[in-house]
Each structure stands twice: as C-alpha cells, then as structure tokens.
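Asker:
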Amino acid sequence: MSQKSLTLDQTKAILDSVSPTYCGAKWTQVLFQFHLGSLHNCCLTPAQPIDKKALFNSPRLIQERQDFLDGKKIKDCAVCWKAEDKGYQSDRVYKSSEPWTQPLYDSPQKLQTKDIVPSYIELSLSNRCQFKCAYCSPENSSSLYAEAKTFGPYRLKNDFNGADYLERSSNYFLENDDNPYVDAFIAWYPTIAKEVKNLRFTGGEPLLSHRLFEILDLL
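One rule links them: number in our numbering = place in the sequence shown (from 1) + 13.
1) Which runs of the alpha helix (DSSP H) fall wholly inside the segment 36 to 108 and span at least 4 residues, in chain order?
2) Over the uninterrupted alpha helix (DSSP H) stretch that includes T163, give me the two end residues.
3) For the alpha helix (DSSP H) holding E135, just list the boundary residues, first then last.
4) Does DSSP put M14 in a helix, in a strand, or in coil?
5) How many angstroms separate the CA atom of P166 from the CA atom of C146?
6) Could you compute how far the alpha carbon of A26 sits from the alpha carbon of V92?
7) What first and last residue would you give for the alpha helix (DSSP H) that runs through T204?
8) From this set, H53, W94, L57, G84, which residue's C-alpha is nearest L74's C-alpha?
9) Are the segment 96 to 104 and the segment 147 to 163 touching, with three or more C-beta to C-beta distances below 8 angstroms?
10) Whole-angstrom Cβ separation of W94 and K86, contact assumed at under 8 angstroms?
11) Where does Q143 land, buried or exposed, given buried means 16+ other C-beta within 10 angstroms?
12) If we count the other Cβ atoms within 10 Å of its Cβ and call it buried at 16 or more, is S30 buried or exposed?
13) Suppose the cutoff is 6 angstroms on Cβ atoms and the five residues either side in sequence are ignored; what does the same chain contact list for Q16 look like?
14) Tell me where the alpha helix (DSSP H) around F226 begins and ends.
15) Which partner residues does N211 have in the DSSP bridge list?
16) Helix or strand or just coil, what does DSSP make of Y148?
17) Closest to L68 by CA distance: which of Y202, V209, L225, C55 is it?
18) Pull up the distance between the alpha-carbon of A176 and that of L124, whole angstroms please.
19) Would you mind stating whether Q42 and E111 have Cβ atoms separated by less than 9 angstroms?
20) Just to confirm, is the Cβ distance from L117 to F45 under 9 angstroms?
Given below as structure tokens:
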C-alpha cells in the first residue's frame, strides 16, 4: 500500500482502523526549530521543547503517540478535533496522506511508540537572514530581529514583532551561539539517515547558517 496514492477517504479509513484519533504525523514528521529550542509535528500545533537527549522520542512525544493509539484527543490537536466535529476532513487526514507517511499503513496494527525515526524532517538551524519579509518575524529573521532591537515593536493594538520575548527566552540562540540542539542532531542523524526520506531546510536563510554544511557533510 505504501507505493500507491491514497484518497483522503482511504487514508481516513486506515487511520480509523487504528483509532479515531490516530495521526501519522506524530510518527513520521517533525520540524526542528533549533534556534528556538522547539519542535512541531504539525504547523497547527503549539511548539514543544526539544529534549536534547531524545529529540524525536521524548517522554512527551511517546505519551502523545500512546494517547493517539488509545483514541484520546490531546489538547494540542484541538484544530483537527473541531474540524472533524463539524464533519470536515481535518489536517490529521491530509498530513497522514503524504507519501512519507504511507509506509506506516502496511502494518498499522503494529505501531510502536518508542525509538521512532521520522521519515520527514524539516530543520531551521538559525534565524540568520538578509531579508525583512512582511509576513516574517524576528524569531525567524535576524534582520527583523536587529530592526526590532533598534526601533522596537510595531505599535498596533498590541505590540507586534518585538524582540523582548526572545531575549527573555533561555532557549533562543543567535547565529554565533553554540547551539546544543544542532550538536545533538548532528550526533543523531548518522544513526537514522537510511530511514529518512525527506530532509528539508528552512530558515532564516539556510545557506547563511554556518551549521548547514556540517549537516550536508553527513548526507
């Protein structure tokens, strides 16, 4: 089945055969934002802290996988539950229909929760970027960060695109900082490389990160 294209209805039927809340993204997809010390399995969920020792297999992620297998609705995925309660196809189905997720469905009843290797990895190594795109933010653009440091946030109804909250964060790493999360990934990646199908870099501007080529050397 992993070699075929699945419709959304077919995907949902497979998901529901495991549990009514099972989502393949929790097993196969991750965005690491190393400069923020955070990760997401999905763009609709809140970020959670990276566990340097476990990365994709932290106690929290393991518990969330088990909750999905048990049919529990975790609060971080409220967007999908609300959509499904109204009768719509949610991102739980859309994300789970991606080709890098489908190999899971060859044996959906044999799913494990520990020692999982993601087949799709997206990496944000730093916020270093030469642009100040209007839709971006200081946390993802060093140029916007420098501007916010100089001029402060936009004075809207609420202050917008300021830098203060980043400076208060103990997990925010500037480009010239030694980043333990990147170090942990570089140590981990050679052990999982054969199982990773998609490795994507985002930013900031990836080519401006001095750590990018350390990772490319591992490929």
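Quick reminder that beta carbons are idealized off the backbone N, C-alpha and C, glycines included.
Answerer: In this structure, then:
1) 38 to 41, 72 to 82, 91 to 98
2) Start at 1 with the first residue of the sequence shown, and residue 163 comes out as number 150. Here the alpha helix (DSSP H) through T163 covers 155 to 164.
3) For the purposes of this step, residue 135 is identified with residue 122 of the sequence shown, where counting begins at 1. No alpha helix (DSSP H) contains E135, which is instead part of the beta strand (DSSP E) from 133 to 137.
4) Sequence index remark: in the sequence shown, residue 14 carries index 1 (1-based). Since pLDDT at M14 reaches only 44, below the 50 mark, its modelled position is unreliable, and no value is offered.
5) For the purposes of this step, residue 166 is identified with residue 153 of the sequence shown, where counting begins at 1. For the purposes of this step, residue 146 is identified with residue 133 of the sequence shown, where counting begins at 1. Distance between the alpha carbons of P166 and C146 is about 15 angstroms.
6) Residue 26 sits at position 13 when you count from the first residue of the sequence shown. Residue 92 sits at position 79 when you count from the first residue of the sequence shown. Roughly 20 angstroms between the two C-alpha positions.
7) Numbered from 1 along the sequence shown, position 191 holds the residue referred to as residue 204. Where T204 is concerned, the enclosing alpha helix (DSSP H) stretches over 193 to 205.
8) Working through the sequence shown from its first residue, we reach residue 74 at position 61. With distances taken between Cα atoms, L74 lies closest to H53.
9) By the Cβ rule, the segment 96 to 104 does not count as touching the segment 147 to 163, because fewer than three pairs are nearer than 8 angstroms.
10) Taking the sequence shown and counting its residues from 1, the one referred to as residue 94 is at position 81. Taking the sequence shown and counting its residues from 1, the one referred to as residue 86 is at position 73. Yes, W94 and K86 are in contact; Cβ-Cβ is about 5 angstroms, under 8 angstroms.
11) To locate residue 143, count along the sequence shown from 1; it is residue 130. Looking at its Cβ environment, which holds fewer than 16 other Cβ atoms inside 10 Å, Q143 is exposed.
12) Position 17 of the sequence shown, counting from 1, holds the residue named residue 30. Its Cβ having fewer than 16 others within 10 Å, S30 is exposed.
13) Position 3 of the sequence shown, counted from the start, is the residue given in the question as residue 16. Note on Q16: pLDDT 48, under 50, position unreliable in the model; no value is reported.
14) One-based indexing of the sequence shown puts residue 226 at position 213. Per DSSP, F226 belongs to the alpha helix (DSSP H) from 225 to 229.
15) Along the sequence shown, one-based indexing puts residue 211 at 198. Looking at the DSSP output, N211 sits in a beta bridge with Y133.
16) As a working mapping, residue 148 is identified with position 135 in the sequence shown. Residue state, collapsed to three classes: coil.
17) Within the sequence shown, the letter at position 55 stands for residue 68. It is Y202.
18) Reading the sequence shown from its first residue, position 163 is the one you call residue 176. Reading the sequence shown from its first residue, position 111 is the one you call residue 124. Roughly 42 angstroms separates the two Cα atoms.
19) Taking the first residue of the sequence shown as position 1, residue 42 is located at position 29. Taking the first residue of the sequence shown as position 1, residue 111 is located at position 98. Result yes, Cβ atoms of Q42 and E111 sit closer than 9 angstroms.
20) The count along the sequence shown starts at 1 and reaches residue 117 at position 104. The count along the sequence shown starts at 1 and reaches residue 45 at position 32. No. Outside cutoff.
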